[in-house]
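Please read the structure below before turning to the comments.
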Amino acid sequence: MTKPCIENNIVTFKNGIAYEMAWASEKYCYGIFGRVLLILGHLEDNARNIWCFDQDGNKLWEIEPSIWDSPYHDLKVDDDGQVRAYDQKGDTYIVDLKTGYVEWVGGDRGGDAKGANEFIRRRRVARLQK
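Its first residue numbered 0, the sequence shown is counted upward by one per residue in numbering that gives the first Met the number 0.
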């Protein structure tokens with residue numbers, strides 16, 4: 000998979016579609032399962048800082064906010080093929096690559112996964128109804 004060119008905060012895809020994005024960096028550009036995911040900085044006021052594009056540069060989604068509205072700082076693909084995002088508070092989420100929705104799976108502070116994911120779903124419904 001060909002990743003886009005990133006130079007001076009301009010992300011350019013192979014077909015010429017370009018976006019100006021603050022904090023865009025090659026270091027945080029991932030080609031995963033035919034999609035391009037970018038982590039756009041680690042700003043405290045940007046809890047939806049992972050964006051997903053198809054190979055042609057069409058934006059598909061922005062990631063759902065973490066449970067604490069903390070920016071994400073890393074992505075990894077597990078051995079089982081699940082994409083995991085990690086936020087700055089030490090929590091881990093499974094990312095649905097079709098939608099950008101997240102499911103909390105654990106963190107440094109512990110917690111109840113069922114309750115955390117119910118909260119995430121309620122907040123999702125409220126956000127989508129706006």
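The beta-carbon is built from N, C-alpha and C at its ideal position, and this holds for glycine as well.
In this structure, the alpha-carbon of D86 lies about 16 angstroms from that of D95.
By the neighbour-count criterion, in which 16 or more other beta carbons inside 10 Å mark a residue as buried, D55 falls on the exposed side. Relative to the Cα of E63, the nearest Cα in the group R47, H72, I38 belongs to R47. Nearest Cα to R34 within the set D79, Y71, E61, K88: E61. In the three-state reduction of the DSSP assignment, F52 falls in the strand class, which pools E and B. Secondary structure of Y27 (DSSP, three-state): helix. For I119, the enclosing alpha helix (DSSP H) starts and ends at 112-128. For V101, the number of other beta carbons within 10 angstroms of its own is at least 16, and it is reported as buried. Remark: C-beta atoms of V82 and I31 approach each other more closely than 8 angstroms.
Secondary structure at D73: strand, using DSSP grouped into helix, strand and coil. Separation of G114 and W103 (C-alpha to C-alpha, rounded to the nearest whole angstrom) is 10 angstroms.
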